[in-house]
Amino acid sequence: MVKEKKKYDQFQILCPEVTQMVRLKKSITRKGSVNQGRKQPGRRAIKIGPSTPYGYTDEHLTPFGGLLALEKLLDGLQFEELFENLYIEPARTTLYGSYFFVKGLLMLLFIGFHRLYHFVYVEEDPMVLGVLGVDKLPAVSTFWRYVRSLGINQAHIFIKIMAVLRERAWKSLAINLKQIHVDIDTTVETVYGEIEGAKRGHNPHARGKKGLRPVLAFIAETREYLSGKLRRGETISGEETKKFIHSFHNLIPGCVKKVTIRADGEFFSWDAVSACKARGYCYIIATKRCSPVFAPATWYQVGTDKDIQYNQCFYQPQGWEEACRFVSMRISVLIAR
Numbered sequence: 003m004v005k006e007k008k009k010y011d012q013f014q015i016l017c018p019e020v021t022q023m024v025r026l027k028k029s030i031t032r033k034g035s036v037n038q039g040r041k042q043p044g045r046r047a048i049k050i051g052p053s054t055p056y057g058y059t060d061e062h063l064t065p066f067g068g069l070l071a072l073e074k075l076l077d078g079l080q081f082e083e084l085f086e087n088l089y090i091e092p093a094r095t096t097l098y099g100s101y102f103f104v105k106g107l108l109m110l111l112f113i114g115f116h117r118l119y120h121f122v123y124v125e126e127d128p129m130v131l132g133v134l135g136v137d138k139l140p141a142v143s144t145f146w147r148y149v150r151s152l153g154i155n156q157a158h159i160f161i162k163i164m165a166v167l168r169e170r171a172w173k174s175l176a177i178n179l180k181q182i183h184v185d186i187d188t189t190v191e192t193v194y195g196e197i198e199g200a201k202r203g204h205n206p207h208a209r210g211k212k213g214l215r216p217v218l219a220f221i222a223e224t225r226e227y228l229s230g231k232l233r234r235g236e237t238i239s240g241e242e243t244k245k246f247i248h249s250f251h252n253l254i255p256g257c258v259k260k261v262t263i264r265a266d267g268e269f270f271s272w273d274a275v276s277a278c279k280a281r282g283y284c285y286i287i288a289t290k291r292c293s294p295v296f297a298p299a300t301w302y303q304v305g306t307d308k309d310i311q312y313n314q315c316f317y318q319p320q321g322w323e324e325a326c327r328f329v330s331m332r333i334s335v336l337i338a339r
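This note's numbering numbers the first residue of the sequence shown as 3 and each following residue consecutively.
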């Protein structure tokens, strides 16, 4: 014990600052932990509706402040009345009602969020609560369970409601288009796990991953979503294309007199062409699958651009019931030597 005491005294003389640190270690007091997850009681929601007064300002509207403008828009289009008349309720009954959940999802997308969990960021916002007319939002799992209860009946009726809203919006904005172009194309939705119908194929976002291949249709002039369908992860067949073209006949506004379908080579088939002919649609389908014979002497140019030339002929591919007009374009390229 005496030897250890001498060694300690020597260490204290050589390194006094270390010894001071050891002595003061026991005197250091730590602050108690604070529960940061405890929420303060939120303010009571203000009832906000179409009759809420509003004005104009030079400042930019935040997504939350813009909800009042969204409420005015839904009221002007009579969205709630239309929803109650056309919507087919899912099998799961809810305490708040289907309109509350659908309106809440629209608000979430309008603010800029894309996941149901993002409701936790706005669950106490007075503007959100006022528009929805509640003092507190339900748990996020409640919205998740409602979305899980939706089926194909609700999907079809949502598209029908959207078509009626489009008709009303075009009329109120004095949009009177006589001709529109409908662009049809497929995309890839990457999935993970064992999902029915998912297959490996062309997937530029995640090479080698399984995915589904939904088909979508948009109005080119207004960039509006017209119709769509979630389908298996394989190339769309001619029969599917035919049914899809027939499906959005009643979704086009009544002021439109001429519709032109535009698609790529994936939709090249007699079924697609016959569906367009049956509905009275014009069609432009790009393809490299066939090789019609163009006369060498009938190439022509449009405008003053001499580097681009066109040619046309009537050609009947194998399996088609009649010949159709094919147009080819060639571009002259100068190769430097």
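The C-beta atom is built at its ideal place from N, Cα and C for all residues, glycine as well.
Simplified DSSP assignment, three categories, for residue i
i, result
"Arg264", "strand"
"Phe296", "coil"
"Phe103", "helix"
"Arg40", "Caution applies to Arg40, whose pLDDT of 48 falls short of 50 and renders its modelled position unreliable; the model cannot decide the point."
"Tyr283", "coil"
"Val149", "helix"
"Phe115", "coil"
"Lys244", "helix"
"Ser143", "helix"
"Tyr227", "strand"
"Lys162", "helix"
"His251", "helix"
Residue j beta carbon less than 8 Å from that of residue i
i, j, result
"Gly321", "Lys290", "no"
"Ala200", "Leu214", "yes"
"Lys2", "Leu88", "With the chain running from 3 to 339 in the structure shown, residue 2 is simply not present."
"Val136", "Val261", "no"
"Val142", "Val122", "yes"
"Val329", "Gln314", "yes"
"Met129", "Leu69", "yes"
"Tyr312", "Ala325", "no"
"Phe269", "Ile238", "yes"
"Phe81", "Leu167", "yes"
"Pro216", "Arg233", "yes"
Continuous alpha helix (DSSP H) stretch holding residue i: start and end
i, result
"Glu73", "69 to 78"
"Phe270", "Phe270 -> no alpha helix (DSSP H), and no H or E assigned at all."
"Tyr302", "Here Tyr302 belongs to no alpha helix (DSSP H), and DSSP marks it neither H nor E."
"Leu134", "128 to 134"
"Leu232", "Unbroken run through Leu232: none, as it is neither H nor E."
"Leu97", "Note, Leu97: premise wrong, no alpha helix (DSSP H); not H, not E."
"Glu86", "81 to 88"
Residue interval of the beta strand (DSSP E) (run including residue i)
i, result
"Leu179", "Taken as a continuous stretch (DSSP letters only), Leu179 belongs to no beta strand (DSSP E), as it is neither H nor E."
"Ile238", "Neither: Ile238 is in no beta strand (DSSP E) and is coded neither H nor E."
Bridge partner(s) assigned by DSSP for residue i
i, result
"Leu214", "Glu191"
"Val329", "Gln314"
"Asp185", "Phe220, Arg264"
"Lys308", "Partner(s): none; Lys308 has no beta bridge."
"Arg202", "Lys212"
Test: residue i CB closer than 8 Å to a CB of chain C
i, result
"Lys162", "Given the protein chain composition of this structure (a single chain), no chain C is represented."
Does the stretch 83 to 97 come within contact of the stretch 151 to 159, defined as at least 3 CB pairs closer than 8 Å? yes
Spell out a yes or no on whether the stretch 105 to 114 and the stretch 173 to 188 are touching, meaning 3 or more CB-CB pairs, one atom from each, closer than 8 Å. no
Cβ contact (3+ pairs, closer than 8 Å) linking the stretch 256 to 275 and the stretch 228 to 245: yes
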